[in-house]
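Each remark here refers to the structure printed beneath this line.
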Amino acid sequence: MSRYDSRSGDPTSYRDRKSDLGFGGGGGSNRASSGRRDYDGVESPKRSDLDGLTPFEKNFYVESSAIAAMTDRDVEEYRRRREITVEGRDVPKPVKSFLDVGFPDYVLQEITKAGFSEPTPIQAQGWPMALKGRDLIGIAETGSGKTLAYLLPAIVHVNAQPILALGDGPIVLVLAPTRELAVQIQQETAKFGASSRIKNTCIYGGVPKGPQVRDLQKGVEIVIATPGRLIDMMESHHTNLRRVTYLVLDEADRMLDMGFEPQIRKIVSQDGVSTSCRRMRSLDLTSSSKSINLEIRPDRQTLYWSATWPKEVEQLARQFLYNPYKVVIGSADLKANHAIRQHVDIVSENQKYNKLVKLLEDIMDGSRILIFMDTKKGCDQITRQLRMDGWPALSIHGDKSQAERDWVLSEFKAGKSPIMTATDVAARGLDVKDVKYVINYDFPGSLEDYVHRIGRTGRAGAKGTAYTFFTAANARFAKELITILEEAGQKVSPELAAMGRGAPPPPSGHGGFRDRGRGYGGGRSWS
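1 is the number of the first residue of the sequence shown in UniProt numbering; add one for each residue after it.
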């Protein structure tokens, strides 16, 4: 019996009721049984791999009459206008409205409640792809709506599956690189899954395991996790992935940047955890007369979501995705959000703090300002100095306890401390409304991180401004940074252009930020 059936009291199966929901077609474990290869060598599960596994529903998409009526030219024009590029076999047409998707009423009610007017480009094309049950690669800039692009189909997917039995692990697993992003995804999951009474939990390190273990033991349909803590829970036998039929890797590029590739491989591959764990699983899990020794189902649906598409992510996808769709919003090349004004100031290292204070004096108007540093030590030092100089600043980084990080983030979101300094722990997935300015006090170690850092402003259609201090030590990034600036229609200072040609920076750090606003001075007293 599916969860949907169990709550409706209707004895008929989900398969019989799909037409009432606006879904239909070709569910079940629909990967090929011949073991043929696709997507540069990925082999589809053989029928023998699936023996003893209960078939599951994963294709819920029925094209609406309005979308079916779109001609190829209409589709091409819509994709061109919204900068949607697609790859794959039998790609569905994009949807134009929420009603076109065929979401059931309980999902549409949550969308209406959230006040969204129309799908974002990644949602318009990603929803039909995800609902068809195929593997999916989604590439779109930060703040583009990727979370709901995979979360709403996940809710539909969960409601179609048999209810959890005692000892079952989750049906949906979302992997995220940082605690902050994982918690943020959980908040969206709780909001949009409430009407379905879907249980979820967030698994991450830095906090006591007890509450997380209790959630897992009670049974949850959706788990959002960082890779390290999830493997810890698996090796301690607090959960398993045998029921996972919908797997999401969010910010896949960032997870690889942070060194999580071995953990991802452990989780996604069939050889999962350890030999002793596999032996215990083979004793624990039996289906009819055959014991099953799989950690995560080979016929699951897997979705990779990222803002960039570096070779490392592509290689990982080629190993674990079968016959995927791919949707790219904008260009697959690295680029910044065009709603963000970017200013780059050539400075020397010892000028930075004075430049920062002068900049804050110009722009501080009570709006939220996010300042990025390279190191935890630098984060604490600059925050301490700012507070001594009367600026309302708090810091967040990986050495702080989770309770302190949560508190700092809540103070920043509420505007009680409008200045927050952070390491790259806040560069991905952090969604704080009304971050008006981002300041790169230290230039990051890659252009990808630069794009993600400044992407904390200019979200959900808003405008934003990013200021960056650029030193001689960063000169190797000048040429690529200029490319990003020019693509976004930003001015390139003569000093930066000279560095891009290989010339040394001006000795005194001339240039400076231009067109700045006026605001409160650094001497302002804050309580």
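Heads up, the beta-carbon is just placed ideally off N, CA and C, and yes, glycines get one too. Since the model is a prediction, treat every value here as computed from it, not as a measurement.
For the putative contact between residue i and residue j, defined by C-beta atoms under 8 Å, what is the C-beta separation to the nearest angstrom?
| i | j | result |
| --- | --- | --- |
| P121 | R82 | 4 Å |
| L173 | L53 | Wrong, their Cβ atoms sit about 17 Å apart, outside the cutoff. |
| V347 | K355 | 6 Å |
| G133 | A149 | Actually they do not touch by this definition, with Cβ atoms about 15 Å apart. |
| E180 | G330 | Incorrect: roughly 25 Å between the Cβ atoms, too far for contact. |
| L394 | S417 | 5 Å |
| I203 | A336 | Not a contact, Cβ separation roughly 32 Å. |
| L321 | T302 | 6 Å |
| Y467 | L360 | With a Cβ gap of about 10 Å, Y467 and L360 do not count as contacting. |
| L164 | G115 | Not quite, the Cβ-Cβ distance comes to about 32 Å (not below 8 Å), so this is no contact. |
| A473 | P504 | Not confirmed; about 12 Å, so no contact. |
Which residues in the same chain as residue i place their Cβ atom closer than 8 Å to its Cβ, once the five residues preceding and following it in sequence are excluded?
| i | result |
| --- | --- |
| A478 | F470, L496, M499, G500 |
| L108 | F98, L99 |
| A403 | V207 |
| F372 | T421, A422, T423, D424, A426, A427, V438, I439, N440, Y441, D442, P444, R453 |
| H338 | A488, G489 |
| D399 | K376 |
| V91 | M129, Y325 |
| E312 | D253, L256, E261 |
Using 10 angstroms around the beta-carbon of residue i, count the other beta-carbons present and answer buried if the total reaches 16, otherwise exposed.
| i | result |
| --- | --- |
| M364 | buried |
| T423 | buried |
| D449 | buried |
| S236 | exposed |
| Q217 | exposed |
| M388 | exposed |
| S196 | buried |
| R476 | exposed |
| T239 | buried |
| G502 | exposed |
| G455 | buried |
| K266 | buried |
| R113 | Checking the sequence, you will find Lys at residue 113 rather than Arg. It is exposed - the Cβ of K113 has fewer than 16 other Cβ atoms within 10 Å. |
| A317 | buried |
| Q315 | exposed |
| R384 | exposed |
| residue 529 | What is shown of the chain runs 1 to 527, which leaves residue 529 out entirely. |
| G390 | exposed |
| E295 | buried |
| R80 | exposed |
| R405 | buried |
| R300 | buried |
| P392 | buried |
| A182 | buried |
Using a threshold of 8 Å, state whether the C-beta atoms of residue i and residue j are closer than that.
| i | j | result |
| --- | --- | --- |
| P298 | M255 | no |
| I155 | R243 | no |
| I185 | T147 | yes |
| W305 | A252 | yes |
| R459 | G143 | yes |
| Y106 | P94 | no |
| L334 | L447 | yes |
| K191 | E110 | yes |
| I382 | G464 | no |
| L131 | P162 | no |
| L249 | L166 | no |
| I84 | V432 | no |
| M258 | P177 | yes |
| I419 | I369 | yes |
| E57 | A160 | yes |
| S64 | G102 | yes |
For the ligand NAP, I want to know if residue i counts as a neighbour, meaning its beta carbon is within less than 7 Å of at least one of the ligand's heavy atoms.
| i | result |
| --- | --- |
| W309 | Among the components of this structure there are no ligands whatsoever, and the ligand NAP is therefore not found. |
For residue i, I'd like the list of residues in its chain whose CB is within less than 6 Å of its CB, leaving aside the five on either flank, ordered along the chain.
| i | result |
| --- | --- |
| S367 | K436 |
| Q490 | Q342 |
| H157 | Y246 |
| V268 | F320 |
| V408 | L394, I396 |
| D374 | D442 |
Report all residues from its chain with a CB closer than 7 Å to the CB of residue i; omit the five preceding and five following residues, and keep chain order.
| i | result |
| --- | --- |
| G145 | T120, I122, Q123 |
| T189 | L151, N200, I222, I224 |
| Q263 | P227, G228, I231 |
| S118 | Note that residue 118 corresponds to Glu in the displayed sequence, not to Ser. Contacts found: S97. |
| D168 | G219, R243 |
| S401 | G206 |
| V213 | H238 |
Would you say residue i faces chain B, with C-beta separation under 8 Å as the test?
| i | result |
| --- | --- |
| A414 | As a matter of chain content, chain B is missing from the structure shown, which is built from one protein chain. |
Note to self: Report the start-end ranges of each alpha helix (DSSP H) in the region 167–232 that is 4 residues or longer and not cut off at the edges.
What the structure shows: 179–193, 210–218
Check: What are the complete beta strand (DSSP E) segments, minimum 3 residues, inside the region 101–166?
Finding: 136–139
Notebook entry, point to check: Which ranges does the alpha helix (DSSP H) cover as unbroken runs of at least 4 residues, wholly within the region 293–380, from first to last along the chain?
Noted result: 311–320, 352–363
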